[in-house]
Amino acid sequence: MSIGGAPPLPTLMRILTEVVVATGILAALVLIGAVGFHFTADLNFTTSIYFTIETLTTVGYGDYDLDLSSTRRRIFVVTYIFFAVPIFAGRLAALIEAVSKYLQMRRIRDMREIGVTRQMLQEADIDLDGSVNRAEFALYFLTKLQIIDMHMVRGYRNE
Numbered sequence: 001m002s003i004g005g006a007p008p009l010p011t012l013m014r015i016l017t018e019v020v021v022a023t024g025i026l027a028a029l030v031l032i033g034a035v036g037f038h039f040t041a042d043l044n045f046t047t048s049i050y051f052t053i054e055t056l057t058t059v060g061y062g063d064y065d066l067d068l069s070s071t072r073r074r075i076f077v078v079t080y081i082f083f084a085v086p087i088f089a090g091r092l093a094a095l096i097e098a099v100s101k102y103l104q105m106r107r108i109r110d111m112r113e114i115g116v117t118r119q120m121l122q123e124a125d126i127d128l129d130g131s132v133n134r135a136e137f138a139l140y141f142l143t144k145l146q147i148i149d150m151h152m153v154r155g156y157r158n159e
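In full-length UniProt numbering, the protein residues as written are 1 to 159.
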């Protein structure tokens, strides 16, 4: 059950599952590309892995000039790029999001263990009036969770 309408925190097991699934899909995409480039472009396996990662990350250094005269090679390259690049980008984003959720969950846990201290209340008093209202309290915790930057908030209030 969530408090105040906020979504519940993800469990560590769910985050770990997201990381494993995303990593597995990323590894499968690299393996499929490496095998495909190995057999269609006659590259050795190490070079195929390098070229696959270069393709998936859309870096394209230009250090390998693939001969696309073969229909089989063109079909593989176009199909692979069309499907693998967006899947790679999506799974990489999911992996980054899962790690971010885990780090946020740790920060929340650490803050719960610390509790609210006098020093925290002094830091949360943005307008320096000696009291902390709900907005100041919320802003303080959002900065501690590294969701927003307090310097930006203070600068905005001074304008």
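Built from N, CA and C at the ideal position, the CB exists for glycine as well.
Considering residue i, what are the terminal residues of the alpha helix (DSSP H) in which it resides?
i, result
"S131", "Counting along the chain, S131 falls outside any alpha helix (DSSP H), and DSSP gives it neither H nor E."
"Q104", "71-114"
"Q119", "118-124"
"G33", "12-40"
Excluding sequence positions up to five away, which residues of its chain have a Cβ less than 8 angstroms from the Cβ of residue i?
i, result
"M152", "none"
"A84", "L29, I32, G33, T55, L56"
"L95", "E18, V19, A22, T23, L26"
"G130", "none"
"L12", "Y102, M105"
Below 7 angstroms CB to CB, which residues in the same chain sit around residue i once its five sequence neighbours on both sides are set aside?
i, result
"K101", "P10, I15"
"T17", "none"
When you compare the CB positions of residue i and residue j, do they come within less than 8 angstroms of one another, or not?
i, j, result
"Y140", "E113", "no"
"D125", "E136", "yes"
"R91", "I49", "no"
"K144", "M105", "no"
Tell me which residues share the same chain as residue i and place their Cβ nearer than 6 angstroms to its Cβ, disregarding the 5 neighbours each side in the sequence.
i, result
"Q146", "none"
"R74", "L68"
"L66", "A41"
Just to confirm, does residue i get its C-beta within under 7 angstroms of one of the non-hydrogen atoms of the ligand MN?
i, result
"F137", "Here there are no bound small molecules, and the ligand MN is not part of this structure."
Is it true that the segment 36-50 meets the segment 72-83, where meeting means three or more beta-carbon pairs spaced less than 8 angstroms apart?
-> yes
Segment contact, 8 angstroms Cβ cut-off, at least three pairs: the segment 27-34 with the segment 52-66 = yes
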